[in-house]
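Remarks on the structure that follows.
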Amino acid sequence: MTLLLVLATAVFAGEKASTKDYHRVHGDIASIDATAQTFTVKHGNDTSTFKTDANTKYMGHASKALSFSDLQVGDDVRVSFTESGSDKTAARVDVVHGKKS
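What follows is the structure, given as structure tokens:
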């Protein structure tokens with residue numbers, strides 16, 4: 000029994016935890032597709048389109064929880080995301096400032 004426990008511990012100790020590489024973008028929301036649950040951010044001279052899913056977190060000022068429907072074109076956002084091929088999936092969207100006038 001002790002040998003089994005030692006072997007099991009050694010196996011788990013040798014495994015690395017699964018980590019995702021997160022990237023960040025800061026810019027203004029240029030467009031929103033509510034049907035596809037995607038949004039596009041203009042950052043510098045570039046634009047990036049982000050998919051969202053049930054795990055995407057949305058935060059506003061003072062850590063107020065938001066949802067996809069709270070996003071507006073013109074919002075100043077910071078997006079933490081993962082990439083898989085050409086797809087970018089937002090893990091977290093922080094609305095830094097609301098829609099610019």
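Number 24 in numbering that gives the first Met the number 0 belongs to position 25 of the sequence shown; there are no gaps in the numbering. For every residue, glycine included, the Cβ atom is placed at its ideal position computed from N, Cα and C. Quick caveat, the model's predicted, so the values are computed rather than measured.
Exercise. Who are the Cβ neighbours of V94 in its own chain at under 8 angstroms, not counting the five residues just before and after it?
Worked result: Excluding sequence positions up to five before and after V94, its CB lies within less than 8 angstroms of the CB of Y57, M58, G59, H60, L65, D69, L70, D74, D75 and V76, all in the same chain and listed in chain order.
Problem set entry | Sub-7 angstroms separation of I28 and V72 beta-carbons | For I28 and V72, yes; Cβs fall inside 7 angstroms.
Problem set entry | Reference D52, options G97, T37 and D45, closest by Cα | Considering only alpha carbons, the answer is T37.
Problem set entry | Residue from A90, K19, A89 and H25 whose Cα sits closest to the Cα of T42 | As written in the sequence, residue 42 is His, which differs from the Thr given in the question. Comparing alpha carbon positions, the residue from A90, K19, A89 and H25 closest to H42 is H25.
Problem set entry | Which residues DSSP lists as bridging K87, in chain order | K87 is bridged by DSSP to E82.
For this session: Use the C-beta contact count for T34: other C-beta atoms within 10 angstroms, 16 or more gives buried, fewer gives exposed.
Result: Counting Cβ neighbours within 10 Å, T34 comes out exposed, since fewer than 16 surround it.
Problem set entry | Alpha-carbon spacing of Y21 relative to S30, whole angstroms | Approximately 22 angstroms between the Cα atoms of the pair.
Exercise. Apart from the five residues just before and just after H96, which ones in its own chain have a Cβ nearer than 6 angstroms to its Cβ?
Worked result: Cβ within range, chain order: D75.
Exercise. If we ignore side chains and look at the alpha-carbon of each, how far apart do F67 and N44 end up?
Worked result: Spanning the two alpha carbons is a distance of roughly 25 angstroms.
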